[in-house]
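A.B. asks: The sequence shown: position 64 = 64 (full-length UniProt numbering), numbered continuously. C-beta: ideal position from N, C-alpha, C; glycine also. The structure is given below, and queries will be raised subsequently.
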Amino acid sequence: MQGRIVTPLKDGDIERAPIQYRLGMLAMSNAITSHRKAAEWRMGSAPQCYRQLKIPLPFDPTNRGRRISNIYRLYNFRVRQTGISQIRSVFMLQ
Numbered sequence: 001m002q003g004r005i006v007t008p009l010k011d012g013d014i015e016r017a018p019i020q021y022r023l024g025m026l027a028m029s030n031a032i033t034s035h036r037k038a039a040e041w042r043m044g045s046a047p048q049c050y051r052q053l054k055i056p057l058p059f060d061p062t063n064r065g066r067r068i069s070n071i072y073r074l075y076n077f078r079v080r081q082t083g084i085s086q087i088r089s090v091f092m093l094q
């Protein structure tokens, strides 16, 4: 699968597939959707937490990288201190 873009099933894909492959295709589609949702949630997590980050990032790649690195270090510190993280509640069920 290396080098290929894998997407969730579209409408009608499961009906057109051979019966012996349907269960595996459905499981893979659900896994892809779950990972995509987690990634999409993570991408918006820091700006939701720190509203002042809505300002544009600097053009200089070094400064931009440093700022993004600091943003996520602060965010990860906040998550560790408060224990509030959707990733923990979704993927670490008890």
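(1) With distances taken Cα to Cα, identify the nearest neighbour of V6 among L23, I32, A27.
(2) Output needed for R36: all residues of its chain with C-beta closer than 8 angstroms, excluding positions within five of it in sequence on either side, in chain order.
(3) Which value, in whole angstroms, describes the spacing of the CA atoms of R67 and N76?
(4) Whole-angstrom Cβ separation of R22 and I14, contact assumed at under 8 angstroms?
(5) Using only alpha-carbon positions, find the residue among S69, K10, I19 that is nearest to N30.
(6) Excluding the five sequence neighbours on either side, which residues of its own chain have a C-beta within less than 8 angstroms of the C-beta of residue 162, listed in chain order?
C.D. replies: Let's see:
(1) Translated into positions along the sequence shown, residue 6 becomes position 6. Answer by Cα proximity: I32.
(2) Taking the sequence shown and counting its residues from 1, one reaches residue 36 at position 36. Here the set comprises P8.
(3) Along the sequence shown, read from residue 1 onward, the residue named residue 67 stands at position 67. Along the sequence shown, read from residue 1 onward, the residue named residue 76 stands at position 76. Distance between the alpha carbons of R67 and N76: 14 angstroms.
(4) Looking up residue 22 in the sequence shown gives position 22. Looking up residue 14 in the sequence shown gives position 14. Rounded, the Cβ-Cβ distance is 6 angstroms, consistent with contact.
(5) Taking the first residue of the sequence shown as 1, we reach residue 30 at position 30. Nearest neighbour of N30 by Cα position, chosen from S69, K10, I19, turns out to be K10.
(6) Summary: the structure shown does not reach residue 162, with the chain confined to residues 1 through 94, and so no result is reported for it.
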